[in-house]
Amino acid sequence: MDRVCHFEVPYEDKARMEEFYSGVFGWQFMDAPGDMPYTFAITTEVDEQFKIKNSGGINGGTYPRNDDGPSKSPLIVIEVESCEQRIQDVEAAGGQNILGPVPVGDMGIYAQVKDPEDNIIGLWQSLQGGG
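Residues in the sequence shown are numbered from 24 upward in steps of one, following the working numbering.
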């Protein structure tokens with residue numbers, strides 16, 4: 024069974040978004056390295072390698088909302104064994120491929136699909152042996 028492993032929340036005002044989620048839920052934020060416009064949302068305790076300490080917990084990310092991009096609302100990301108295979112499964116079940124699959128450094132492969140109800144779902148294929 025594939026599991027939800029991550030979430031993503033787009034924003035228009037990064038400071039406002041971070042203030043809201045840290046103030047209301049106690050989340051912490053850390054900018055992604057390099058010039059990638061992405062911020063990690065830490066919602067559960069992690070170790071030095073950013074592996075989750077609490078079983079069942081997930082962390083996420085945030086990025087600038089882009090009206091040209093496929094996702095304008097929060098989305099869940101599901102860990103899969105193969106993005107290519109799941110995209111084929113989604114299409115066979117009446118959904119469609121929206122983005123990717125694209126490599127994310129040496130960490131994994133990411134894709135976005137749309138289900139028959141027009142919901143965007145992220146797919147994550149880890150290249151590092153798990154979530």
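Built from N, CA and C at the ideal position, the CB exists for glycine as well.
From a predicted model like this one, the values you see are computed outputs, not experimental measurements.
From this set, the options, which residue's C-alpha is nearest residue i's C-alpha?
{"i": "asparagine 89", "options": "Pro124, Ile75 and Pro60", "result": "Pro60"}
{"i": "glycine 118", "options": "Met40, Met130 and Asn142", "result": "Asn142"}
Using the Cα positions of residue i and residue j, report the straight-line distance between them to the nearest angstrom.
{"i": "arginine 109", "j": "serine 96", "result": "22 Å"}
{"i": "glycine 128", "j": "glutamine 151", "result": "11 Å"}
{"i": "lysine 37", "j": "aspartate 25", "result": "31 Å"}
{"i": "phenylalanine 73", "j": "glycine 79", "result": "15 Å"}
{"i": "methionine 53", "j": "asparagine 82", "result": "11 Å"}
{"i": "alanine 134", "j": "glycine 46", "result": "31 Å"}
{"i": "isoleucine 144", "j": "proline 87", "result": "17 Å"}
{"i": "leucine 122", "j": "leucine 146", "result": "10 Å"}
What does the Cβ neighbour count give for residue i, buried or exposed, with the cut at 16 atoms within 10 Å?
{"i": "threonine 62", "result": "buried"}
{"i": "glutamate 140", "result": "exposed"}
{"i": "asparagine 77", "result": "exposed"}
{"i": "methionine 40", "result": "buried"}
How far does the alpha helix (DSSP H) with residue i in it extend, from its first residue to its last?
{"i": "glycine 46", "result": "37–48"}
{"i": "valine 69", "result": "Careful: valine 69 lies outside any alpha helix (DSSP H) and carries neither H nor E."}
{"i": "glutamine 108", "result": "106–115"}
Does any residue of chain C have a CB that is nearer than 8 Å to the CB of residue i?
{"i": "valine 69", "result": "In the structure shown, chain C does not exist; there is a single protein chain."}
Quick one: residues in its chain with C-beta nearer than 6 Å to the C-beta of residue i, no 5 flanking neighbours on either side, listed in chain order?
{"i": "asparagine 120", "result": "Ile110 and Val136"}
{"i": "glutamine 51", "result": "Ile65"}
{"i": "valine 32", "result": "Thr85 and Pro97"}
{"i": "tyrosine 44", "result": "Trp50"}
{"i": "proline 126", "result": "Ile132"}
For residue i, which residues of its own chain have a beta-carbon under 8 Å away from its beta-carbon, when the five flanking residues on both sides are left out?
{"i": "glutamate 107", "result": "Pro124"}
{"i": "valine 105", "result": "It is serine, not valine, that sits at residue 105 in the sequence shown. Closer than 8 Å at the Cβ level, and outside the excluded window around serine 105, lie Gln148."}
{"i": "threonine 67", "result": "Ile75, Lys76, Asn77, Gly80, Ile81 and Asn82"}
{"i": "glutamate 42", "result": "none"}
With a threshold of 7 Å on Cβ separation, who are the neighbours of residue i within its own chain once the five nearest residues in sequence on each side are excluded?
{"i": "glycine 154", "result": "Annotation note: pLDDT 46 at glycine 154 (below 50); position unreliable, no value reported."}
Check for me: the beta strand (DSSP E) holding residue i runs from which residue to which?
{"i": "alanine 134", "result": "131–137"}
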